[in-house]
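In full-length UniProt numbering, the protein residues as written are 1 to 128.
From the three backbone atoms N, C-alpha and C, an ideal C-beta is built for every residue, glycine too.
Remember, it's a predicted structure, so these values are computed and weren't measured experimentally.
Heads up: the structure comes next, in structure tokens.
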Amino acid sequence: AEVRASLLAAANEMASVGGGGGASKMADKEKKKKESILDLSKYIDKTIRVKFQGGREASGVLKGFDPLLNLVLDGTIEYMRDPDDQYKLTEDTRQLGLVVCRGTSVVLICPQDGMEAIPNPFIQQQDG
1 AEVRASLLAA
11 ANEMASVGGG
21 GGASKMADKE
31 KKKKESILDL
41 SKYIDKTIRV
51 KFQGGREASG
61 VLKGFDPLLN
71 LVLDGTIEYM
81 RDPDDQYKLT
91 EDTRQLGLVV
101 CRGTSVVLIC
111 PQDGMEAIPN
121 PFIQQQDG
């Protein structure tokens with residue numbers, strides 16, 4: 001009977017630590033303002049290109065963001081992929097309009113303006 005009582009007391013203590021006790025500790029940590037890794041404020045109202053997990057790519061005008069990297073894009077265009085090769089983009093696009101992009105799926109963000117293609121520095125260039 002004593003063992004059973006001590007096990008019940010331990011279970012109750014674990015439940016209170018995991019439930020209410022842990023939540024109050026989390027609230028204390030979240031009082032500190034979370035800063036985003038990236039400062040996207042300089043790209044507000046500018047066109048950016050975004051790559052997502054799974055290979056999708058889109059570009060649009062950045063209208064808003066939060067510390068979790070959720071993005072709001074306006075005038076969004078998705079770049080379609082080749083059905084035979086999912087890693088190859090085609091010339092086809094589709095208009096999406098106003099889009100909310102979930103931050104957990106964002107892999108890469110870059111400005112659309114000012115990008116230029118350069119030769120791959122890791123491949124030996126053939127003289128010719």
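Could you give the residue range of the beta strand (DSSP E) that holds residue i?
i, result
"leucine 69", "Per DSSP, leucine 69 belongs to no beta strand (DSSP E) and is neither H nor E."
Taking the Cβ atom as the reference point for each residue, do residue i and residue j lie within a distance shorter than 8 Å?
i, j, result
"alanine 58", "leucine 69", "no"
Using the three-state DSSP reduction, which class does residue i fall into: helix, strand or coil?
i, result
"residue 172", "No answer is possible for residue 172: it lies beyond the span of the chain, which begins at 1 and ends at 128."
"alanine 103", "First, the residue type needs correcting, since residue 103 is glycine and not alanine in the sequence shown. It is helical."
"glycine 114", "coil"
"phenylalanine 122", "coil"
"isoleucine 37", "coil"
"lysine 63", "strand"
In the DSSP assignment, what are the bridge partners of residue i?
i, result
"glutamate 78", "Ala58 and Arg94"
"lysine 51", "Glu57 and Leu108"
Look at the alpha carbon of residue i and the alpha carbon of residue j, and state the distance between them as a whole number of angstroms.
i, j, result
"valine 100", "leucine 71", "6 Å"
"leucine 89", "tyrosine 79", "7 Å"
"valine 61", "phenylalanine 122", "32 Å"
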